[in-house]
Amino acid sequence: MRHRRGARVLLIDARDRVLLARGHDTDQPGRSWWFTIGGGVEPGESDRDAALREVLEETGLRLDPAGLEGPVWTRSAIFDFYRERCRQDEVFYLARLGDQHTSRPLTRDGWTEIEHDVVDEMRWFTLPELRTVTIEVFPAGLADLLEPLLDGWDGRTRHLGEATE
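For the numbering used here, add 12 to where a residue sits in the sequence shown, where the first one is 1.
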């Protein structure tokens, strides 16, 4: 089993919408899911630096490091992807975006070849919209987990446990 660290970011706009990506695995073309922005932590890279880099690569948004809160959550996920069994220990950060970020279109300029193959779209969701999604969302229960953060983070990191996806 491949083991890696991951850093993810809950990107929240001024209308309390969260940005998610929808992807699939080429080995399971009939299954797709929504997930938060982020990815693997490179050797020698801090979780915070990885989170900022991943947001830039996946969206084209350059965040102010001072505006990144957290980690607000941690979790471990075990999953199969690209013909490989993986365990990813993840940290989640929170970033509130102003109009200077959301007025510009998102870009795919920093995507890897794999991301171009497996990421189908990116979309902003309100919490009511997110609760009506009929495909999987990771982490599970995202709308309920995210709701208390919309009023501000209390400074505590919550562990979401281990999920097999």
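All residues carry an ideal CB built from backbone N, CA and C; glycine is no exception.
Stretch pair the stretch 17-29 + the stretch 62-74: three plus CB contacts closer than 8 Å: yes
Which whole runs of the alpha helix (DSSP H) in the stretch 19-102 are 4 residues long or more, in chain order? 59-71
Can you say whether residue 26 is buried or exposed, counting buried as having 16 or more other CB atoms within 10 angstroms of its CB? exposed
Does residue 130 come out as helix, strand or coil in the three-state DSSP assignment? helix
For the alpha helix (DSSP H) holding residue 155, just list the boundary residues, first then last. 154-158
My output table needs one value for residue 142: the three-state DSSP class, helix, strand or coil. helix
Excluding five sequence neighbours on each side, which residues of the same chain lie with their C-beta closer than 6 Å to the C-beta of residue 174? 88
Between the alpha carbons of residue 147 and residue 46, how many angstroms are there, rounded? 7 Å
Where does residue 148 sit, in a helix, a strand or coil, going by DSSP? strand
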